[in-house]
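Peer 1:
Numbering (this note's numbering), first residue to last: 278 to 897.
1. Applying the 10 Å Cβ sphere with the 16-neighbour rule, what's the burial state of residue 441?
2. Between the C-alpha atoms of residue 368 and residue 800, what's the straight-line distance to the nearest angstrom?
3. Return the CA-CA distance between residue 878 and residue 837, expressed in angstroms with no decimal places.
4. Please report how far the alpha carbon of residue 661 lies from the alpha carbon of residue 438, in whole angstroms.
5. So which of 708, 843, 492 has the shortest CA-CA distance to residue 623?
6. What does a CB cutoff of less than 6 Å around residue 861 pick up in its chain, not counting 5 residues either side in sequence?
7. Would you mind working out which of 868, 644, 516, 535 sits nearest residue 485, comparing C-alpha positions?
8. Using a threshold of 8 Å, state whether the C-beta atoms of residue 219 and residue 483 are closer than that.
9. Taking the alpha-carbon of residue 766 as reference, which of 798, 335, 505, 360 has the nearest alpha-carbon?
10. I need the DSSP call for residue 633, collapsed to helix, strand or coil.
11. Measuring alpha carbon to alpha carbon, tell me which residue in 554, 760, 884, 392 is nearest residue 748.
12. Assuming contact is defined by CB atoms lying nearer than 8 Å, are residue 726 and residue 652 in contact in what I supplied?
13. Hey, would you say residue 770 sits closer than 8 Å to residue 758, going by beta carbons?
14. Do residue 775 and residue 787 have their C-beta atoms within less than 8 Å of each other?
15. Tell whether a beta-carbon distance below 8 Å holds between residue 324 and residue 497.
16. Among 489, 470, 364, 422, which one has its Cα closest to the Cα of residue 334?
17. Nearest to residue 473 by CA position, among 461, 433, 430, 517, is which residue?
18. For residue 419 and residue 825, what's the separation of their Cα atoms in angstroms?
19. So, is residue 467 buried or exposed, given that buried needs 16 or more other C-beta atoms within 10 angstroms?
20. Buried or exposed for residue 511, going by 16 or more other Cβ atoms inside 10 Å?
21. If you reduce the DSSP assignment to three classes, tell me which class residue 827 lands in.
22. Alpha carbon to alpha carbon, how far is residue 752 from residue 308? Give it in angstroms, no decimals.
23. Would you kindly work out how many angstroms separate the C-alpha atoms of residue 426 and residue 664, rounded to a whole number?
24. Going straight from the alpha carbon of residue 670 to that of residue 606, what length do you get?
25. At 4 residues or longer, and completely inside the stretch 587-675: list those alpha helix (DSSP H) runs for me, N to C.
26. Is it buried or exposed for residue 444, if we count other Cβ within 10 angstroms and need 16 for buried?
27. List in chain order: all unbroken beta strand (DSSP E) runs of 3+ residues lying wholly within the stretch 725-767.
28. Can the beta-carbon of residue 389 be found less than 8 Å from the beta-carbon of residue 371?
29. With a threshold of 16 other CB atoms inside 10 Å of the CB of residue 502, please say whether the residue is buried or exposed.
30. Can you pull the DSSP bridge partners for residue 514?
31. Please identify the residue among 564, 569, 667 whose C-alpha is closest to the C-alpha of residue 613.
32. Compute the distance between the beta-carbons of residue 626 and residue 745, then report whether it is under 8 Å.
33. Cα-Cα, which of 457, 487, 864 is closest to residue 470?
34. In chain order, what residues of the same chain lie with their CB nearer than 7 Å to the CB of residue 555, ignoring the 5 residues before and after it?
35. Output needed for residue 381: all residues of its chain with C-beta closer than 6 Å, excluding positions within five of it in sequence on either side, in chain order.
36. Just how far apart, CA to CA, sit residue 763 and residue 564?
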């Protein structure tokens with residue numbers, strides 16, 4: 278055999294709200310992403326932010342979640358914890374058996390640049406501290422406001438920094454972008470008088486923030502609306518890590534004076550000319566942290582989901598090798614690639630920022646002997662490689678063509694094909710097949726695109742020649758699925774992903790709990806997990822010829838969807854999980870068709886010509 282190697286609004290009762298909107302664990306970044314990933318998250322959000330209690334009150338978390346994932350955390354089961362992002366913060370469950378929801382020391386990380394990877398203080402990875410403005414609009418429309426990094430010299434971030442007590446003084450200190458401090462006595466308002474000194478971290482809290490932190494109001498507790506303290510401020514915010522400072526920030530279309538104070542988990546802002554109820558607010562720390570941690574993913578709270586058109590390969594214009602086409606649903610397609618060697622699409626590196634949205638392909642354009650992995654930018658994937666603004670990024674350097682990779686980028690001295698590259702849903706990792714060792718293996722590399730950086734390592738260690746193909750990620754990033762033929766037939770495998778190291782250049786994982794999901798004497802190939810993570814589509818010859826099947830992600834409940842004497846293969850999921858596109862030669866040559874997953878009914882023939890149209894890619 279083989280051995281695995283290294284590797285939001287409430288419309289009725291609170292109870293009804295929870296039952297109707299809580300999704301299964303890890304709803305996924307691009308499918309059901311505004312549902313709650315865990316019912317405990319929904320309970321905490323509903324306490325302060327459901328319409329049953331909020332009224333005209335400012336948000337404590339935000340209108341609802343917009344991204345969840347399984348992020349690496351060393352002490353969590355399998356080294357992965359469930360996290361979900363909101364405008365104002367992030368919720369996380371590090372140890373599910375304890376049932377405790379926390380919201381992370383995000384502000385400390387933004388100021389220090391130290392991203393915590395586990396409980397041990399020095400179990401961290403380092404990057405530049407964040408320049409995202411602590412208040413007001415995003416940086417492109419808010420050049421005056423200080424970023425988190427500008428507070429590093431006046432913040433308590435494991436450096437022993439403390440401010441002296443300034444009880445009964447009024448706040449007049451102003452911090453500018455760059456960290457410069459000045460004094461404006463006209464801002465020393467009565468509501469900014471210091472009323473508390475926190476002796477733990479050594480920082481002063483003004484009345485306007487202290488009153489907000491200890492406010493009472495309507496909340497949901499045990500399914501009932503009651504009047505109580507709105508938040509436990511230590512849970513929600515942590516200790517202050519700076520004194521309060523005035524800033525200048527562009528809010529909407531106006532530059533304003535805004536009082537800010539940084540806490541371990543949150544930022545408080547006071548904008549005197551805001552309407553009552555919104556003068557003191559939680560800063561958008563969830564948004565700010567997301568931009569810092571996932572700079573390549575854009576702004577999911579403000580942008581529509583990225584479009585993933587139906588792509589397929591055809592030899593209609595070449596008569597020989599495959600080129601890529603974008604389906605136009607009129608029987609033809611728009612040609613995208615123009616090369617001397619085949620190009621076939623396999624996955625997407627999706628992003629809410631079009632400049633970071635890529636089609637992942639493997640191609641022989643640089644070498645007829647060896648397939649290599651490339652990224653086509655959003656323009657190329659929509660209008661073609663010859664369109665203005667189109668771009669291609671080469672990922673693989675394993676064909677010995679004399680081209681040197683960029684600095685800090687993976688390469689191989691031993692030539693071999695690399696193909697079937699699948700990007701993790703968070704866009705940070707690439708799983709692919711490489712033949713650089715002679716025996717095909719699954720590899721994993723860290724993927725930074727602008728600029729291209731990252732190294733790869735094997736995550737399987739097959740000890741005899743096996744055909745390995747089509748890795749595909751579960752939408753929460755916890756599982757990897759792939760196909761292998763080591764014993765005479767193709768089977769579909771699943772493994773849990775356990776990290777033991779990750780940084781900006783390297784990611785090392787183990788594939789644990791490897792399972793054969795199909796496990797029969799027939800061939801089962803072209804496996805792809807649905808965008809919601811519940812169902813695997815695949816092709817199998819188990820009934821005498823190649824047909825399309827689906828099964829649950831654990832291998833149960835296998836259903837045959839097509840029944841045709843022709844070859845049906847290469848299924849790929851629609852973004853809504855309801856349909857599959859697939860290739861079939863039922864009209865004498867291969868064409869692309871679409872069927873309904875519910876009943877197997879073929880509802881559309883996408884291409885109609887006398888050429889060969891194959892290898893479709895839609896959403897998954």
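In this text, a Cβ means the ideal position worked out from N, Cα and C, and glycines have one as well.
Peer 2: Let me spell this out:
1. For the purposes of this step, residue 441 is identified with residue 164 of the chain shown, where counting begins at 1. With fewer than 16 Cβ atoms within 10 Å of its Cβ, residue 441 is classed as exposed.
2. Translated into positions along the chain shown, residue 368 becomes position 91. Translated into positions along the chain shown, residue 800 becomes position 523. Rounded to whole angstroms, residue 368 to residue 800 spans 43 Å at the Cα level.
3. Position 601 of the chain shown, counting from 1, holds the residue named residue 878. Position 560 of the chain shown, counting from 1, holds the residue named residue 837. C-alpha separation (whole angstroms): 11 Å.
4. The sequence position of residue 661 within the chain shown is 384, counting from 1. The sequence position of residue 438 within the chain shown is 161, counting from 1. One C-alpha to the other measures close to 55 Å.
5. As a first step, residue 623 is located in the chain shown; it is residue number 346 there, counting from the start. Of the listed residues, the one whose Cα sits closest to residue 623 is 708.
6. Taking the first residue of the chain shown as 1, we reach residue 861 at position 584. For residue 861, where only same-chain residues beyond five positions count, the Cβ hits under 6 Å are 843, 845, 870.
7. One-based indexing of the chain shown puts residue 485 at position 208. Looking at the Cα atoms, 535 is the closest of the given residues.
8. Lying before the first or after the last residue shown, residue 219 is absent from the chain, which here runs from 278 to 897.
9. As a working mapping, residue 766 is identified with position 489 in the chain shown. Residue 798 is the option with its Cα nearest to residue 766.
10. The residue labelled residue 633 in the question sits at position 356 within the chain shown. Reduced to three states, the DSSP call for residue 633 is helix.
11. As a working mapping, residue 748 is identified with position 471 in the chain shown. If we check each option's Cα against that of residue 748, 760 comes out closest.
12. By 1-based counting over the chain shown, the position of residue 726 is 449. By 1-based counting over the chain shown, the position of residue 652 is 375. Contact flag set, yes.
13. Translated into the one-based positions of the chain shown, residue 770 becomes position 493. Translated into the one-based positions of the chain shown, residue 758 becomes position 481. Their beta carbons are under 8 Å apart, which means residue 770 touches residue 758 by this criterion.
14. Start at 1 with the first residue of the chain shown, and residue 775 comes out as number 498. Start at 1 with the first residue of the chain shown, and residue 787 comes out as number 510. In this structure, residue 787 lies closer than 8 Å to residue 775 by Cβ.
15. For the purposes of this step, residue 324 is taken as residue 47 along the chain shown, with counting starting at 1. For the purposes of this step, residue 497 is taken as residue 220 along the chain shown, with counting starting at 1. Yes; because the gap between Cβ atoms is below 8 Å, this pair is in contact.
16. The residue labelled residue 334 in the question sits at position 57 within the chain shown. Minimum Cα distance to residue 334 is reached at 489.
17. Sequence index remark: in the chain shown, residue 473 carries index 196 (1-based). Residue 517 is the option with its Cα nearest to residue 473.
18. What you label residue 419 is simply residue 142 of the chain shown in a count that begins at 1. What you label residue 825 is simply residue 548 of the chain shown in a count that begins at 1. The alpha-carbon atoms of residue 419 and residue 825 are separated by roughly 52 Å.
19. As a working note, residue 467 is residue 190 in the chain shown. It counts as exposed.
20. Looking up residue 511 in the chain shown gives position 234. Under this definition residue 511 is an exposed residue.
21. Within the chain shown, numbered from 1, the residue matching residue 827 stands at position 550. The answer is strand: DSSP assigns residue 827 an E or B state.
22. Sequence index remark: in the chain shown, residue 308 carries index 31 (1-based). Sequence index remark: in the chain shown, residue 752 carries index 475 (1-based). If you take the alpha carbons of residue 308 and residue 752, they lie about 8 Å apart.
23. On the chain shown, position 149 is the one that residue 426 refers to. On the chain shown, position 387 is the one that residue 664 refers to. So the alpha carbons of these two residues sit roughly 39 Å apart.
24. Here residue 670 refers to the residue found at position 393 when the chain shown is read from its first residue. Here residue 606 refers to the residue found at position 329 when the chain shown is read from its first residue. Computed Cα separation, rounded: 28 Å.
25. 655-660
26. As a first step, residue 444 must be located in the chain shown, where it is residue number 167. Exposed, since its Cβ has fewer than 16 Cβ neighbours within 10 Å.
27. 733-735, 744-750, 756-762
28. As a first step, residue 389 is located in the chain shown; it is residue number 112 there, counting from the start. As a first step, residue 371 is located in the chain shown; it is residue number 94 there, counting from the start. Taking 8 Å as the Cβ cut-off, residue 389 and residue 371 do not qualify as a contacting pair.
29. As a first step, residue 502 must be located in the chain shown, where it is residue number 225. Per the 10 Å Cβ criterion, exposed.
30. To locate residue 514, count along the chain shown from 1; it is residue 237. In the DSSP output, where bridge partners are listed per residue, residue 514 has none listed.
31. Here residue 613 is taken as the residue at index 336 of the chain shown, counted from 1. For the residues 564, 569, 667, the minimum Cα distance to residue 613 belongs to 667.
32. Translated into the one-based positions of the chain shown, residue 626 becomes position 349. Translated into the one-based positions of the chain shown, residue 745 becomes position 468. Against a cut-off of 8 Å, the Cβ pair of residue 745 and residue 626 comes out as no contact.
33. Position 193 of the chain shown, counting from 1, holds the residue named residue 470. The shortest Cα separation from residue 470 among 457, 487, 864 belongs to 487.
34. The count along the chain shown starts at 1 and reaches residue 555 at position 278. Result list for residue 555: 335, in chain order.
35. As a position in the chain shown, residue 381 is number 104, starting the count at 1. Excluding sequence neighbours, residue 381 sits near 367, 369.
36. On the chain shown, position 486 is the one that residue 763 refers to. On the chain shown, position 287 is the one that residue 564 refers to. C-alpha separation (whole angstroms): 46 Å.
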